[in-house]
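Counting with the working numbering, you get residues 807 to 1511 for the letters of the sequence shown. Even for Gly, the Cβ is constructed at its ideal location relative to N, Cα and C. Below: the structure, in structure tokens.
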Amino acid sequence: MLSKKLHIGLLGNPNSGKSSLFNLLTGMRQKVGNFPGVTVEKKIGQVVLQNKLSYNVIDLPGAYSLYPRRSDEWVSYKQLMTPEENEGIDLAIVVVDASSLRRNLLYVSQVIDLKVPVIVALTMSDIAKKRGITIDIDGLSREMQVPIVAVNARTGKGVDQLKSTISQLMLTEQAGNDFFNIEELAKEAIEEIQKLIPNISNYSAIHHLINHESFQLDDKTQGEIERIEEKYKFNHTRIQAEDIQLRYKKIRQIVQKTVEEDSPEKKKRYSEQLDHFFLHRTYGYLIMGVVLFILFQSVFWMAEFPMNTIEYGVSQLGGLLGNSLPTGWVADLLINGVLAGIGGILVFVPQIMILFGLITLLEDTGYMARISFLSDRIMRKVGLNGKSVMPMIGGFACAVPAIMSARNIENKKERLLTIMVTPFMSCSARLPVFTILTSLIIPNKHILGVLSLQGLVLMGLYVFGILIALIVSYVLNLFIKIKEKSYFILELPVYKQPRWKNIIITMIEKAKVFVFDAGRIILLISLILWGLSSFGPGNKREEINKHYQEQLALHPENVKIYNTEKSNALLEFSYAGIMGRAIEPVIKPLGYDWKIGIALITSFAAREVFVGTMATLYSVGDGADENSSTLRNKMQSARRIDGSPVYTTATGLSLLIFYLLAMQCMSTLAVVKRETGSWKWPLIQLLYMTGLAYIFSLIIYQVMK
807 MLSKKLHIGL
817 LGNPNSGKSS
827 LFNLLTGMRQ
837 KVGNFPGVTV
847 EKKIGQVVLQ
857 NKLSYNVIDL
867 PGAYSLYPRR
877 SDEWVSYKQL
887 MTPEENEGID
897 LAIVVVDASS
907 LRRNLLYVSQ
917 VIDLKVPVIV
927 ALTMSDIAKK
937 RGITIDIDGL
947 SREMQVPIVA
957 VNARTGKGVD
967 QLKSTISQLM
977 LTEQAGNDFF
987 NIEELAKEAI
997 EEIQKLIPNI
1007 SNYSAIHHLI
1017 NHESFQLDDK
1027 TQGEIERIEE
1037 KYKFNHTRIQ
1047 AEDIQLRYKK
1057 IRQIVQKTVE
1067 EDSPEKKKRY
1077 SEQLDHFFLH
1087 RTYGYLIMGV
1097 VLFILFQSVF
1107 WMAEFPMNTI
1117 EYGVSQLGGL
1127 LGNSLPTGWV
1137 ADLLINGVLA
1147 GIGGILVFVP
1157 QIMILFGLIT
1167 LLEDTGYMAR
1177 ISFLSDRIMR
1187 KVGLNGKSVM
1197 PMIGGFACAV
1207 PAIMSARNIE
1217 NKKERLLTIM
1227 VTPFMSCSAR
1237 LPVFTILTSL
1247 IIPNKHILGV
1257 LSLQGLVLMG
1267 LYVFGILIAL
1277 IVSYVLNLFI
1287 KIKEKSYFIL
1297 ELPVYKQPRW
1307 KNIIITMIEK
1317 AKVFVFDAGR
1327 IILLISLILW
1337 GLSSFGPGNK
1347 REEINKHYQE
1357 QLALHPENVK
1367 IYNTEKSNAL
1377 LEFSYAGIMG
1387 RAIEPVIKPL
1397 GYDWKIGIAL
1407 ITSFAAREVF
1417 VGTMATLYSV
1427 GDGADENSST
1437 LRNKMQSARR
1447 IDGSPVYTTA
1457 TGLSLLIFYL
1467 LAMQCMSTLA
1477 VVKRETGSWK
1487 WPLIQLLYMT
1497 GLAYIFSLII
1507 YQVMK
């Protein structure tokens, strides 16, 4: 064990303080990836001990036992049982919540019986003390036959002692005594498995009998294990039940010897008192609504300044490059392709960091579990569960981080359903489109002198998006055939103060995952869209450039007007423009012309591109945006060939509904691909959302016109 670099596995129950301890041990010496074949995050860091040597620490997903149910529990389980080459766990640090000792010690006892050297890191001793729980740590260590170190993941107290214990254990090597003699349950079967697969413990042999189908074993070995099961009539359910019962029996005996606990009647727990208020049948939902409203608003106003700063910086850099680089396609590629693509990635980072920071804050305080608990009844009726509510609420700010946050949903089907419907939430990128279209078609009037009619329409769009999401989830639930039992087993952790360092590290790591993983796909699609908008077939674009050069030579005072007209003409005869004209017969029943068709294509990069495209198409000068009266006036005065206005009430409402329901966001598709591990689901999402948008927009236009 000393001749190679150790892999230290950090294990523990969910909400035991494992991730905080990982951050304390490794600091910023971390990297994030995915475990092979799954989207569950793999966090690896470096811990430096007193001997100045560094070792790998793998933060394994939380698990309650070695009998996994959730996908992330399977990841931890397989890492212990059948690890990837050179990534076996040489030393296990099992994090144990002192305030829930009995439940946590079950996992410890199972890991011990795998014959892996174990150190127990005892956390939340302060909470246990408040509950009247006193633990004899030395006595508990003797009974469990493993070193136990009390640590405070919030303050860092005990971390140095933990590092010292790691060093000592590496020098002495743990003997590896059995916590429980599992051999008594199936002696002959265990012996045959150990002949078939040498150098595994009795407990590992039991797990090979129970879960060998999930292990990467050759066909011959699989067949031999099946033969052993049949020979000894090995009953999975009975063995697992007896194993758990006998372990808990011994754990109760150990706890009776080493733990003193006040009776429940002596003192009401602080968290239970708070839950009488926060989980109240009436007040609970009202408080949850206020918390989610504040969360939703905070993501908007907190992200506004950094997002504007990034956009301003990208714009200034683009202007600088435009003035410095010689005119040509290379400069255009760098400015409108590469730089615009990078800007489109970076502009999402503030929302991602803020949303995950606020979610981590709610998780750290313990309130996130209460939100899931309150929401479960509503969500379950449409195939989701209580944990789906946070990704869906997060979708109001940006679907990208919202979909990433769906990872905490254990059930594969419910997680997939959440991912598939979250884009129906009206994200901030839709706001510029909603704002300009609403101002075009809805009178600026007030109902009862207070309520803005335009504001009510805007709110109605958000509510409609939620209703469609719930209806679609109900329908998809009937068709997606993933057979996995749905459990909503939720531990309500105690309320506690947030760990600010942990929140900051989480924000940074989530931003890095987005920029370096989804960002590569986004940049690629941005370059493709630039190419479609910048080039076209034949010599028509050359003729346009030549024509406007001649006009500029004759009338140099009209440079701004001619440049805008030239951009409009070049766009019309680009590949994107040709695509716009090609789809015009399809979108005409919705009330759209070819120019709106181009906007639909270009805004696939990001919905807010619709406004910039309109500004170019309708010959608006620089500085036009969704608040520009010039742009609104130009759009209002736009006419079709027959002289009728383009933007009627029917067309405007049709466009609003289309942008509300359609998947006009390549960033979201890229993240869905990353989270599902396949292009199948993002393509299905693109097709059904576009289909729904088309049908609803068609109905609205045909009825309203």
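Residue span of the alpha helix (DSSP H) that contains residue i, given as start and end
| i | result |
| --- | --- |
| residue 1494 | 1486-1510 |
| residue 1141 | Neither: residue 1141 is in no alpha helix (DSSP H) and is coded neither H nor E. |
| residue 946 | 943-950 |
| residue 1164 | 1155-1171 |
| residue 1035 | 1025-1037 |
| residue 1386 | 1381-1388 |
| residue 1200 | 1195-1200 |
| residue 1348 | 1346-1360 |
| residue 828 | 824-832 |
| residue 1013 | 1008-1017 |
| residue 1559 | Any answer about residue 1559 is impossible in this case: the structure gives the chain only from 807 up to 1511. |
| residue 1235 | Element bounds for residue 1235: n/a, residue is neither H nor E. |
| residue 1315 | 1306-1319 |
For residue j and residue i, believed in contact at Cβ under 8 angstroms, the rounded distance
| i | j | result |
| --- | --- | --- |
| residue 1138 | residue 1340 | 6 angstroms |
| residue 1165 | residue 1230 | Residue 1165 to residue 1230, Cβ: 20 angstroms. No contact. |
| residue 1226 | residue 1282 | 6 angstroms |
| residue 1304 | residue 1182 | With a Cβ gap of about 24 angstroms, residue 1304 and residue 1182 do not count as contacting. |
| residue 1253 | residue 1259 | 6 angstroms |
| residue 1014 | residue 1031 | 6 angstroms |
| residue 1163 | residue 1312 | 7 angstroms |
Length of the line joining the Cα atoms of residue i and residue j
| i | j | result |
| --- | --- | --- |
| residue 1378 | residue 1157 | 34 angstroms |
| residue 1177 | residue 1211 | 15 angstroms |
| residue 1413 | residue 1239 | 7 angstroms |
| residue 1002 | residue 1498 | 56 angstroms |
| residue 1024 | residue 998 | 17 angstroms |
| residue 1129 | residue 1123 | 10 angstroms |
| residue 896 | residue 813 | 6 angstroms |
| residue 1508 | residue 1397 | 9 angstroms |
| residue 1152 | residue 1321 | 7 angstroms |
| residue 963 | residue 957 | 6 angstroms |
| residue 1121 | residue 1167 | 33 angstroms |
| residue 856 | residue 936 | 33 angstroms |
| residue 872 | residue 985 | 15 angstroms |
| residue 1432 | residue 1319 | Confidence at residue 1432 is low in this model, with a pLDDT of 44, below 50, so the placement of that residue is unreliable and no value is reported for it. |
| residue 1490 | residue 1351 | 41 angstroms |
| residue 970 | residue 827 | 15 angstroms |
| residue 1496 | residue 1084 | 40 angstroms |
| residue 1173 | residue 1271 | 26 angstroms |
| residue 1482 | residue 1111 | 32 angstroms |
| residue 816 | residue 851 | 11 angstroms |
| residue 1316 | residue 1109 | 16 angstroms |
| residue 1091 | residue 1216 | 24 angstroms |
| residue 1134 | residue 1442 | 35 angstroms |
| residue 948 | residue 1064 | 10 angstroms |
| residue 1034 | residue 1000 | 11 angstroms |
Per DSSP, cross-strand counterpart(s) of residue i
| i | result |
| --- | --- |
| residue 1274 | Its beta-bridge partners do not exist; DSSP assigns none. |
| residue 1451 | 1445 |
| residue 1212 | In DSSP, residue 1212 forms no bridge with anything. |
| residue 852 | 862 |
| residue 1512 | Only positions 807 to 1511 of the chain appear in the structure, and residue 1512 is not among them; the question remains open. |
| residue 929 | 903 |
Proximal residues to residue i (C-beta, below 8 angstroms), its chain only, five neighbours per side dropped
| i | result |
| --- | --- |
| residue 874 | 880, 882 and 883 |
| residue 1505 | none |
Boundaries (first-last residue) of the beta strand (DSSP E) holding residue i
| i | result |
| --- | --- |
| residue 862 | 860-865 |
| residue 897 | 897-903 |
| residue 922 | Neither: residue 922 is in no beta strand (DSSP E) and is coded neither H nor E. |
| residue 988 | Neither: residue 988 is in no beta strand (DSSP E) and is coded neither H nor E. |
| residue 955 | 954-956 |
| residue 1066 | 1065-1067 |
| residue 814 | 813-818 |
Own chain residues within Cβ distance below 7 angstroms of residue i, not counting five before or after
| i | result |
| --- | --- |
| residue 1407 | 1382, 1385 and 1386 |
| residue 1267 | 1232, 1240, 1462 and 1466 |
| residue 842 | The pLDDT assigned to residue 842 is 43, lower than 50, so where the model puts this residue is not dependable, and the model offers no usable value. |
Residues near residue i by beta carbon distance below 6 angstroms, same chain, minus five either side
| i | result |
| --- | --- |
| residue 1012 | 988 |
| residue 1416 | 1239, 1405 and 1409 |
| residue 1511 | 1456 |
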